[in-house]
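Asks:
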Amino acid sequence: MKKPHLSRAQSAKRLRSRAAWLLVLFLVTGSVAYAAPANWIIGQVNAAAGTKIPRLNVPYSLGLDLQGGTRLEYEADLSNVPPSDRQEAMNGVRDVIERRVNTLGVSEPLVQVVQSGESWRVTAELAGIRDINQAIRLIGETPILEFKESNDEPRRPITEEEKKRLEDKNREERARAEDILVEARKPGIDFTTLVAEKSENQLRRDSGGDLGFIRGQQEADELLAAAVASRPGTVLDRVFETSRSYFVARVEEIKDDKEILAKHLLISFQGAQGDFSTFTKEEARAKIDELKRQATPQNFEDLVKRNSQEPGAVESGGDLGWFGRGAMVQSFEDAVFAQAVGTISDVVETEFGYHLIWKQDERTVKDARVSAIEIRKTMEEDIVPPPDKYKNTPLTGKQLESARLDFDPQFGTPLVALQFNQEGAELFAEITKRNVGRQVAIFLDGQSISEPVVQTEIIGGRAVIQGSGNVEEAKLLARRLQAGALPVPITLVAQQTVGPTLGADSLRASLIAGLIGFALVALYMILFYRLPGLVAVLALALYAAIAAAAFKTIPITLTLSGIAGFILSVGIAVDANVLVFERLKEELAEEGRSLTMALEDSFKRAWPSIRDGHVTILISCAVLFWFSSSIIKGFALTLAVGTIISLFTAVVSTRTILRWVATTSAGRWSRLFLGRVTSNE
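This note's numbering applies: residue 681 is where the sequence shown begins, and numbers increase by one.
#1: Could you work out which residue in Val725, Leu758, Pro789 and Arg779 is closest to Gly748 when comparing CA atoms only?
#2: Could you spell out where the beta strand (DSSP E) holding Asp1086 opens and where it closes?
#3: Using the Cα positions of Pro1167 and Glu753, report the straight-line distance between them to the nearest angstrom.
#4: Measure the alpha-carbon distance for Gly1117 versus Ser830 and round it to whole angstroms.
#5: Candidates Ser996, Arg1056 and Ala1007: which alpha carbon is nearest Ala857's?
#6: To the nearest angstrom, report how far apart Thr1323 and Arg1210 are at their CA atoms.
#7: Using the DSSP secondary-structure output, state which residues sit across from Ser1051 in a beta bridge.
#8: Assuming the contact rule is C-beta atoms closer than 8 Å, Glu1267 and Asp1281 should be a hit. Round their C-beta distance to whole Å, please.
#9: Return the chain-ordered list of same chain residues with a C-beta closer than 6 Å to the C-beta of Ala1224, the five sequence neighbours on each side being excluded.
#10: So the candidates are Gln1175, Ala1083 and Lys1069; which of them puts its Cα closest to the Cα of Glu1131?
#11: Alpha carbon to alpha carbon, how far is Leu1264 from Ile1325? Give it in angstroms, no decimals.
#12: Could you tell me whether the stretch 939-949 touches the stretch 920-927, using the rule of 3 or more Cβ pairs below 8 Å?
#13: Please determine, among Ile1243, Asp1041 and Asp1086, the residue with the shortest C-alpha to C-alpha distance to Leu1191.
#14: Roughly how many angstroms separate the alpha carbons of Pro734 and Glu798, rounded to a whole number?
#15: In the stretch 1015-1042, which residue ranges form an unbroken beta strand (DSSP E) of at least 3 residues, counting only runs that do not cross its ends?
#16: Measure the alpha-carbon distance for Met1277 versus Leu874 and round it to whole angstroms.
#17: Considering only the beta carbon of each residue, do Pro907 and Val1050 sit closer than 7 Å?
#18: Could you name the residues of the same chain whose beta carbon sits closer than 8 Å to that of Ser697, not counting the 5 residues immediately before and after it, in chain order?
#19: Got a sec? Which residues, its chain only, sit under 8 Å from Lys938 by beta carbon, not counting five neighbours each side?
#20: Opposite Ile1145 in the DSSP bridges: which residues?
#21: May I have the straight-line CA-CA distance separating Pro837 from Met1059, to the nearest angstrom?
#22: Locate the beta strand (DSSP E) running through Ala1330, then write down its first and last residues.
#23: Whether or not the stretch 1327-1346 and the stretch 1248-1258 are in contact is what I'm after, with contact meaning three or more pairs of Cβ atoms, one per stretch, closer than 8 Å; do they touch?
#24: Distance, Cα to Cα, Val1009 vs Gly954?
#25: From which residue to which residue does the alpha helix (DSSP H) around Lys1071 run?
#26: Assign Gly868 to buried or exposed, taking buried as 16 or more other Cβ atoms, counted over all protein chains shown, within 10 Å of its Cβ.
#27: Among Phe827, Leu736 and Arg694, which has the Cα closest to the Cα of Ser711?
#28: Looking at chain D, is there any beta carbon in it that lies within less than 7 Å of the beta carbon of Trp1306?
#29: Evaluate Gly1314 with the Cβ neighbour count: other Cβ atoms within 10 Å of its Cβ, from every protein chain shown; 16 or more gives buried, anything less gives exposed.
#30: How would you call Leu703, buried or exposed, if buried means at least 16 neighbouring beta carbons within 10 angstroms?
#31: Need the endpoints of the alpha helix (DSSP H) that Asp1281 sits in, please.
#32: I'd like the list of long-range same chain contacts for Leu654, defined as Cβ closer than 6 Å, with 5 residues on each side in sequence excluded.
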């Protein structure tokens, strides 16, 4: 069945639509690749409309040679490790090194194990590292395995010197809040932007500093009084202090609300929340119905004191004080807000049991929704931290003979089997005896890797750790324990450092080289191929935007070799267009060939060469990626991603734009196409 024939006008309309979608794709990916213009527009919209559109803040991931850092290479001494255990031992060492460098604040360290004959080596690439000597010292230590028990020691009291330091810190934080207040009250300042820049509360910063409606919130009375006395949009004229923070606040909304003064009587039943009643649900219902028949406003408090099962009801008489919406569970709230003042409710069921509610009074109050910049106060616990959850014991990895993956014989679940030597068996028995029902912790390099609960005293030097989840988790835990127990010293044999200035220079030079290369290619394509060359340049710009956005969002760590792969893929994208345009010149040289027909045939006949060239490049990339070092892998990965994207931009986008151009008046100018152009009909 033949496809329906489209008129020239319909075809042109469809092509314009496709070209418009390509423009949208360019704007979106370009905004991701270089977010500054988009973020400026978002800031203007947020300021004008009061919206909270998040900014685009995804950074590029830069490698060692671009942001600076150090590459360390260690050789492991496995002479005391059986050959069958060496791979597991090295995997454990790799895990330990990763955890150690993470404590240095290294961004995405790359740690690899490499075997060459009988030699085993570990390489660590530490981008952005500041103290190289500290990293060398930390990595070079043999993994430390410790067994700890629960610590019941109280926190020590703060000293006078520490108290003075705390007061000085709070004064500095108060002064910082006062400075922010001055800035926030300046005309034209976008408060939402200021929240994103200054607030120290991450959760609220992401929501524009929104505190919600603040009536009933802890320590909010002073802020509420100032807010309801102001107008929406006002930045309040002073800094507000709570026990833990300083606030610079703006009023967003003011509304009237209701508060209720009430007392209640509770009859609970077995299975209700709290579960402090001996009544069945039926008995509790019968009891509350009987009390409902007796209850009046005059005797309600007395009935509460004699019958209510709420803890403390004898002293409180069931008094709930004044409360607003959101303070009680939903069914209780619905009932009390619906009933008239001075009445006693019907029986109300909640998850706590059955209630009778005496609504004593109701009043209208004002509530305010507030946004705030929060500056956290340094607290006493920041100066005097709480004691560690666990304390040291004499049991360490020195007494651990082996740790291996095993399975529960009854249930088949994975577990880790431990075997201690004689000294370790005695120490472990003492520790488990005094910690039955409590946790003991296993630490590797100062980090907890398991915190099992002791079920019973363990003697004989054998123990198991259960609850690892699956086989892979249990295997990983056994490997980490074994790494702490095995004598696997490592020696630094090579070190390479790239300074941050050199890395920045490399990045700048790469960008300049890329821009110059792009400009030269664009100039050549336009001069040599004219209008098709200009279209190829537009497709190349789309390619650059998509590729850069892909590198940022996947993310792909960019290195000098990776940038080289990207630049090479630009040449591949251009090469595909060259194949098409050379074929187009040949097609247009034939007498009687229309531009539309020549375009279709040139793309169709150039496609096999383009396809084969891209496939061979992708095969080469796969080989380089799987069988080479990390430096070459970066080149292969960026080249592969760029090659795949270039298939789209060099064929689909170029073809779409040229098809659309052929339907316009430009399609009748032969000089623009380096060939004879006849009617496109």
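All C-beta atoms, glycine included, are put in the ideal place defined by N, C-alpha and C.
Replies: On the basis of the data shown:
#1: Translated into positions along the sequence shown, residue 748 becomes position 68. Minimum Cα distance to Gly748 is reached at Pro789.
#2: Here residue 1086 is taken as the residue at index 406 of the sequence shown, counted from 1. Taken as a continuous stretch (DSSP letters only), the beta strand (DSSP E) holding Asp1086 covers Leu1080 to Phe1087.
#3: Translated into positions along the sequence shown, residue 1167 becomes position 487. Translated into positions along the sequence shown, residue 753 becomes position 73. At Pro1167, the pLDDT of 48 sits below 50, so the modelled position is not reliable and the matter cannot be decided from this model.
#4: Walking along the sequence shown from the start, residue 1117 turns up at place 437. Walking along the sequence shown from the start, residue 830 turns up at place 150. Spanning the two alpha carbons is a distance of roughly 11 Å.
#5: Translated into the one-based positions of the sequence shown, residue 857 becomes position 177. When each option's Cα is compared against that of Ala857, the closest is Arg1056.
#6: Translated into the one-based positions of the sequence shown, residue 1323 becomes position 643. Translated into the one-based positions of the sequence shown, residue 1210 becomes position 530. Between Thr1323 and Arg1210, the C-alpha separation is close to 25 Å.
#7: The count along the sequence shown starts at 1 and reaches residue 1051 at position 371. Its beta-bridge partners are Asp890 and Arg930.
#8: Against the sequence shown, residue 1267 aligns to sequence position 587. Against the sequence shown, residue 1281 aligns to sequence position 601. Indeed they touch by this definition, with Cβ atoms about 5 Å apart.
#9: Locating residue 1224 in the sequence shown gives position 544, counting from the first residue. So the list is empty, once near-sequence residues are dropped.
#10: Here residue 1131 refers to the residue found at position 451 of the sequence shown. Ranking the options by Cα distance to Glu1131, first place goes to Lys1069.
#11: Numbered from its first residue, the sequence shown carries residue 1325 at position 645. Numbered from its first residue, the sequence shown carries residue 1264 at position 584. Distance between the alpha carbons of Ile1325 and Leu1264: 23 Å.
#12: no
#13: Working through the sequence shown from its first residue, we reach residue 1191 at position 511. It is Ile1243.
#14: Here residue 734 refers to the residue found at position 54 when the sequence shown is read from its first residue. Here residue 798 refers to the residue found at position 118 when the sequence shown is read from its first residue. Rounded to whole angstroms, Pro734 to Glu798 spans 54 Å at the Cα level.
#15: 1028-1030
#16: Numbered from 1 along the sequence shown, position 597 holds the residue referred to as residue 1277. Numbered from 1 along the sequence shown, position 194 holds the residue referred to as residue 874. Between the C-alpha atoms of Met1277 and Leu874 there is a straight-line separation of about 58 Å.
#17: One-based indexing of the sequence shown puts residue 907 at position 227. One-based indexing of the sequence shown puts residue 1050 at position 370. Reading off the sequence shown, one finds Ala at residue 907, where the question assumed Pro. It is a contact, given that the beta carbons lie within the stated cut-off.
#18: Reading the sequence shown from its first residue, position 17 is the one you call residue 697. Here the set comprises nothing.
#19: One-based indexing of the sequence shown puts residue 938 at position 258. Counting only Cβ-Cβ distances below 8 Å, and skipping sequence neighbours, we find Gly1004, Arg1005, Phe1017, Glu1042, Arg1043, Thr1044 and Val1045.
#20: As a position in the sequence shown, residue 1145 is number 465, starting the count at 1. In DSSP, Ile1145 forms a bridge with Val1096.
#21: By 1-based counting over the sequence shown, the position of residue 837 is 157. By 1-based counting over the sequence shown, the position of residue 1059 is 379. Cα to Cα, Pro837 sits roughly 13 Å from Met1059.
#22: Taking the sequence shown and counting its residues from 1, the one referred to as residue 1330 is at position 650. No beta strand (DSSP E) holds Ala1330; DSSP gives it neither H nor E.
#23: yes
#24: Locating residue 1009 in the sequence shown gives position 329, where the first residue counts as 1. Locating residue 954 in the sequence shown gives position 274, where the first residue counts as 1. Near 14 Å, if we compare the C-alpha coordinates of Gly954 and Val1009.
#25: For the purposes of this step, residue 1071 is taken as residue 391 along the sequence shown, with counting starting at 1. Not the alpha helix (DSSP H): Lys1071 falls in the beta strand (DSSP E), residues Tyr1070 to Thr1076.
#26: Taking the sequence shown and counting its residues from 1, one reaches residue 868 at position 188. Gly868 should be labelled exposed.
#27: As a first step, residue 711 is located in the sequence shown; it is residue number 31 there, counting from the start. Across the set Phe827, Leu736 and Arg694, the C-alpha of Leu736 shows the shortest separation from the C-alpha of Ser711.
#28: Absent from the structure: chain D. Only one protein chain is present.
#29: Mapped onto the sequence shown, residue 1314 falls at position 634. Gly1314 should be labelled buried.
#30: Counting from one through the sequence shown, the residue named residue 703 turns up at place 23. Looking at its Cβ environment, which holds fewer than 16 other Cβ atoms inside 10 Å, Leu703 is exposed.
#31: Here residue 1281 refers to the residue found at position 601 when the sequence shown is read from its first residue. First-last of the alpha helix (DSSP H) with Asp1281: Leu1275 to Trp1306.
#32: Residue 654 is absent from the model: the chain starts at 681 and stops at 1361.
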